[in-house]
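Peer 1: Note that UniProt numbering has the sequence shown beginning at 1, numbered continuously upward.
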Amino acid sequence: MSEIPLRRNRAQSRVLHRASAAEPAVAVGGEGCWLIDQDGRRYLDASGGAAVSCLGHGDPRVRAAILAQLDRVAFAHTGFFTNEPMERLADLLSEAAPEGFGKVCFVSGGSEAIESALKIARQHAVERGDLARTRVIARRQSYHGNTLGALSATGNVGRRRPFLPWVMGDVVHVAPCHAYRYRLPGESDTGYGARLAAEFERELLIQGPETVLAFLAEPVVGATLGAVPAVEGYFKAIREICTRHGVLLILDEVMCGMGRTGHTFACEADGIAPDIIVMAKGLGAGYQPIGAVLVSDEIARVIETGRLGLTTGHTYMGHPVACAAALAVQEAIRDDGLVARVREMGPVFERLLREGLGDRPYVGDIRGRGFFRGIELVADRESKAPFPAGAGLWKKIKEEAFARGLICYPGGGTVDGLSGDHVLLAPPFIATEEELALAIDRLGAAIDAALAATGLAAA
Ligand code: PMP
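(1) For Phe-235, collect the residues of the same chain with a Cβ closer than 6 Å to its Cβ; drop the 5 residues on either side in sequence, then sort them by chain order.
(2) Answer yes or no: the CB of Ala-50 versus the heavy atoms of the ligand PMP, is any distance below 6 Å?
(3) Closest to Gly-29 by C-alpha separation, out of Asp-45, Leu-451, Thr-211, would be which residue?
(4) Inspect the CB distances between the region 199–219 and the region 166–177 and report whether three or more fall short of 8 Å.
(5) If you count every other CB in all the chains shown that lies within 10 Å of the CB of Gly-158, and 16 or more means buried, which is it?
(6) Based on the DSSP secondary-structure assignment, which residues constitute the bridge partners of His-173?
(7) Measuring alpha carbon to alpha carbon, tell me which residue in Cys-105, Leu-35, Arg-381 is nearest Val-295.
(8) Shorter than 6 Å, the distance from the beta carbon of Asp-270 to the closest heavy atom of the ligand PMP, or not?
(9) Under a three-way DSSP split, which group does Ala-332 fall into?
(10) Using a 10 Å radius around the Cβ and a threshold of 16 neighbouring Cβ atoms, would you call Gly-49 buried or exposed?
(11) Check this for me: beta carbons of Lys-396 and Ala-450, under 7 Å apart or not?
(12) Could you check where the beta strand (DSSP E) with Leu-308 kicks off and where it finishes?
(13) Report back the beta-carbon spacing between Leu-443 and Asp-421 to the nearest angstrom; my notes put them in contact at under 8 Å.
(14) Give me the Cα-Cα distance between Ile-238 and Pro-274, rounded to the nearest whole angstrom.
(15) Over what stretch of residues does the alpha helix (DSSP H) that includes His-422 continue unbroken?
(16) Excluding the 5 residues preceding and the 5 following Leu-248 in the sequence, name in chain order all residues of the same chain whose CB lies nearer than 6 Å to its CB.
(17) Report the three-state DSSP secondary structure of Gly-191 (helix, strand or coil).
(18) Rounded to the nearest angstrom, how far is the Cβ of Ala-198 from that of Asp-189, given a contact under 8 Å?
(19) Which parts of the region 1–33 are runs of the beta strand (DSSP E), unbroken and 3 residues or longer, counting only runs that do not cross its ends?
(20) Go through its chain and collect everything with a Cβ distance to Ile-114's Cβ below 6 Å, but skip five positions before and after it.
(21) Output the boundary residues of the beta strand (DSSP E) element that contains Gly-291.
(22) Please name the residue or residues paired with Met-279 in a DSSP beta bridge.
(23) Quick one: any contact between the region 278–292 and the region 92–111, if contact means 3 or more CB pairs under 8 Å?
(24) Tell me which residues share the same chain as residue 460 and place their Cβ nearer than 6 Å to its Cβ, disregarding the 5 neighbours each side in the sequence.
(25) Just reading off the beta strand (DSSP E) that Ile-250 is part of, what are its end residues?
(26) Is there at least one non-hydrogen atom of the ligand PMP closer than 6 Å to the beta-carbon of His-144?
(27) Give the list of continuous beta strand (DSSP E) stretches no shorter than 3 residues that lie fully inside the region 92–127.
(28) Taking the continuous beta strand (DSSP E) assigned at Asp-365, which residues delimit it?
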């Protein structure tokens, strides 16, 4: 065994995916909204990493379910067997889903789930003899995952750039729905949503609707923009256009789904049902890696009666321990009424954010739904000018917040220069009002310290 301590710098560590060159804290414990390092320091986990830990850390019910499943069987390949937690989790999800979503496919995370959704959509077209439908329309400033297919759909320029031309798949990108940045002066929300929908349809007609397979979008944009929901009416118009042109609507709810917005599925607030819903993070709440793809009954019927059999597959699909963990997480959320709690506490969280940060000259926008909130930082509130991307403000905020015992998820400074720095907050659904207030307090101090350290000041 190695002699060097666990708290290692990068040169000492043999782990390639280590986030930082410094000596990072070693995570040794978790309780509720708090993570604990090996020196006993406690960190308020106000972002669940990236919107993962919706149930908080250390829930004994999930632990017990994982252990019970391990005592039965850890792994049995789905090519030969089904397993009880997978079947029961599928029942639970399809019962919670919009009408007409009876079938679900389980994978190991968000990117795999997006890949599977795209392949299922394509298979649906192939089985119907609609061979020309290959093109995906997605949105700029989106994030759909890190594997090459998911990255092809991703609109975040910085994340795609190193992998061009591998990610130049048959994908075109249209504008995101981001009222704070792109709604025209004097334009109403309704007018803005209608304008974007018309732009989408124009793109569809330019591409040739018979060549377009699917439209892929995050109902609330997470990592790239920081909790940006669409304006009212936008997704209804998109749904109608997709239906009229035979284009499948795939919603990426990997980050915003599973209760995070105060609804089990984020699209409930938009009043629509897509054809495919993709979910991951909150599904297993970090207790096990798991993602899922829910498909409409019509898609399931075409695939189950088709010639090919399901053409997407991974060794760990429907992994019994992962499914047992996710089932226990979702049962705990249901038994504790946590989605309703997020819906009720969401406005409280928003009020605390506005009271704590709203008057600061560098806060341009506070947005989001439920326990999924974003704060956009600007150099000038009037012009909405972002801070210079090269200043690295968001990275400094992450560092300063961590030093103050706060885990948040800042991002920004995208190379396309279209958005500024933002901070994403996605606390566990069990966070108390005091914990939310403390997170905001620590975040304010961290932003002030980061602005001072980077030499930036609000106008
Ligand atoms: N889609 C969205 C909206 C995401 O936020 C993420 C992860 N940040 C992914 C897909 C990819 O998920 P994973 O990291 O689990 O592969």
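The beta carbon of each residue, even a glycine, is placed where N, CA and C say it ideally should be.
Peer 2: Let me lay it out:
(1) Here residue 235 corresponds to residue number 235 of the sequence shown, with the count starting at 1. Only Asp-270, Ile-272 meet the Cβ criterion.
(2) Position 50 of the sequence shown, counted from the start, is the residue given in the question as residue 50. The answer is yes for Ala-50.
(3) For the purposes of this step, residue 29 is identified with residue 29 of the sequence shown, where counting begins at 1. It is Asp-45.
(4) yes
(5) Translated into the one-based positions of the sequence shown, residue 158 becomes position 158. Flag for Gly-158 reads exposed.
(6) Your numbering for residue 173 matches position 173 in the sequence shown. According to DSSP, His-173 bridges with Ala-138.
(7) Position 295 of the sequence shown, counted from the start, is the residue given in the question as residue 295. Ranking the options by Cα distance to Val-295, first place goes to Cys-105.
(8) Position 270 of the sequence shown, counting from 1, holds the residue named residue 270. Every heavy atom of the ligand PMP is 6 Å or more from the Cβ of Asp-270, so no.
(9) Here residue 332 corresponds to residue number 332 of the sequence shown, with the count starting at 1. Looking at Ala-332 - three-state DSSP - the assignment turns out to be helix.
(10) Within the sequence shown, numbered from 1, the residue matching residue 49 stands at position 49. With fewer than 16 other Cβ atoms within 10 Å, it is exposed.
(11) As a position in the sequence shown, residue 396 is number 396, starting the count at 1. As a position in the sequence shown, residue 450 is number 450, starting the count at 1. Yes.
(12) Looking up residue 308 in the sequence shown gives position 308. Neither: Leu-308 is in no beta strand (DSSP E) and is coded neither H nor E.
(13) Counting from one through the sequence shown, the residue named residue 443 turns up at place 443. Counting from one through the sequence shown, the residue named residue 421 turns up at place 421. 13 Å between Cβ atoms; not a contact.
(14) Within the sequence shown, numbered from 1, the residue matching residue 238 stands at position 238. Within the sequence shown, numbered from 1, the residue matching residue 274 stands at position 274. Near 10 Å, if we compare the C-alpha coordinates of Pro-274 and Ile-238.
(15) The sequence position of residue 422 within the sequence shown is 422, counting from 1. No alpha helix (DSSP H) contains His-422, which is instead part of the beta strand (DSSP E) from 421–425.
(16) One-based indexing of the sequence shown puts residue 248 at position 248. If we look at Leu-248 and ignore the five residues flanking it on each side, its Cβ neighbours are Ala-121, Ala-214, Asp-275.
(17) Your numbering for residue 191 matches position 191 in the sequence shown. Helix.
(18) Counted from its first residue, the sequence shown places residue 198 at position 198. Counted from its first residue, the sequence shown places residue 189 at position 189. Contact doesn't hold; Cβ gap of about 15 Å is too wide.
(19) 27–31
(20) Position 114 of the sequence shown, counting from 1, holds the residue named residue 114. The answer, listed in chain order, is His-144, Gly-145, Ala-150, Val-278.
(21) Counting from one through the sequence shown, the residue named residue 291 turns up at place 291. That run of the beta strand (DSSP E) goes 291–295.
(22) As a working mapping, residue 279 is identified with position 279 in the sequence shown. Bridge partners of Met-279: Ala-292.
(23) yes
(24) The question about residue 460 has no answer, for the chain in this structure spans 1 to 459.
(25) To locate residue 250, count along the sequence shown from 1; it is residue 250. Residues 248–252.
(26) Walking along the sequence shown from the start, residue 144 turns up at place 144. Yes, since a heavy atom of the ligand PMP falls inside the 6 Å radius drawn around the Cβ of His-144.
(27) 103–107
(28) Within the sequence shown, numbered from 1, the residue matching residue 365 stands at position 365. Asp-365 -> beta strand (DSSP E) spans 363–369.
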